[in-house]
Amino acid sequence: MTRRHAQVAGIGFFAGLAFLALLASSWVAFAADASFKMGVIDPQAILEKSTAGKRALAGLKEYAQARQKLIGGDEEELKNLEKQLKEQESSLSEVAKREKQNQFRAKLAEYQKKGSEFQQELAAKQKELVDEYMKKIQSATKTVAEKGGYSLVVDRGSETTLKIVIYNRDSVDMTDQVLKEFEKQNK
Numbered sequence: 001m002t003r004r005h006a007q008v009a010g011i012g013f014f015a016g017l018a019f020l021a022l023l024a025s026s027w028v029a030f031a032a033d034a035s036f037k038m039g040v041i042d043p044q045a046i047l048e049k050s051t052a053g054k055r056a057l058a059g060l061k062e063y064a065q066a067r068q069k070l071i072g073g074d075e076e077e078l079k080n081l082e083k084q085l086k087e088q089e090s091s092l093s094e095v096a097k098r099e100k101q102n103q104f105r106a107k108l109a110e111y112q113k114k115g116s117e118f119q120q121e122l123a124a125k126q127k128e129l130v131d132e133y134m135k136k137i138q139s140a141t142k143t144v145a146e147k148g149g150y151s152l153v154v155d156r157g158s159e160t161t162l163k164i165v166i167y168n169r170d171s172v173d174m175t176d177q178v179l180k181e182f183e184k185q186n187k
């Protein structure tokens, strides 16, 4: 390592240390403030446990099942077409065989396109549902936080989303309180 690289590395190291020291001192000052209260919520649990959330999730599931039935009919048609093609393969002329194969490929492409569109529709509906309910959960959280004097409320996260909180005491978990407020606001 050249002398210049060593100087730059040393400056970066000391700048990093200074930043960490500043961060630690501000955290200590923040934590020392007696009026600072922090809470944690699990929005996924609120969505899954609330009456309104259960209704919305059931509606989404019903929508997905209805679409799946439509695709299931297409899938059955594809299986029958494939079966016919295999059974008749030896008795068909080359031209007829190619025609049946082209028919099958076209149906398969249509089926795959429908499946892809269905997945996109379902993802859009899920996002719409989550966005709508996050606004409602935020409103309930704000009400509970203001009543309880909380300065900060953090999303716990889940296995499928970004896990923000690694550990918290049960005493800072506000999920049940927010769930009750959410139920009041969204009857």
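Under the working numbering, think of the first position of the sequence shown as 1, with each following residue one higher.
The C-beta atom is built at its ideal place from N, Cα and C for all residues, glycine as well.
Being a predicted model, the structure only gives us computed values, none of them experimental.
Under the three-state reduction of DSSP, which class applies to D131: helix, strand or coil? helix
Using CA coordinates, which residue listed in I41, K37, A56 is at the minimum distance from Y133? A56
Kindly list the residues whose CB is nearer than 8 Å to the CB of E110, restricted to its own chain and excluding five residues on each side of it in sequence; keep chain order. D74
Please report the straight-line C-alpha distance between R98 and E89, rounded to a whole angstrom. 10 Å
Euclidean distance between Cα positions of L60 and E121: 11 Å
Rounded to a whole number of angstroms, what is the C-alpha to C-alpha distance between V40 and Q126? 24 Å
So, with DSSP's three-state summary, where would you put G72? helix
Inspect the CB distances between the region 136-144 and the region 176-184 and report whether three or more fall short of 8 Å. yes
Specify, as a first and last residue, the run of the alpha helix (DSSP H) that L47 falls within. 43-49
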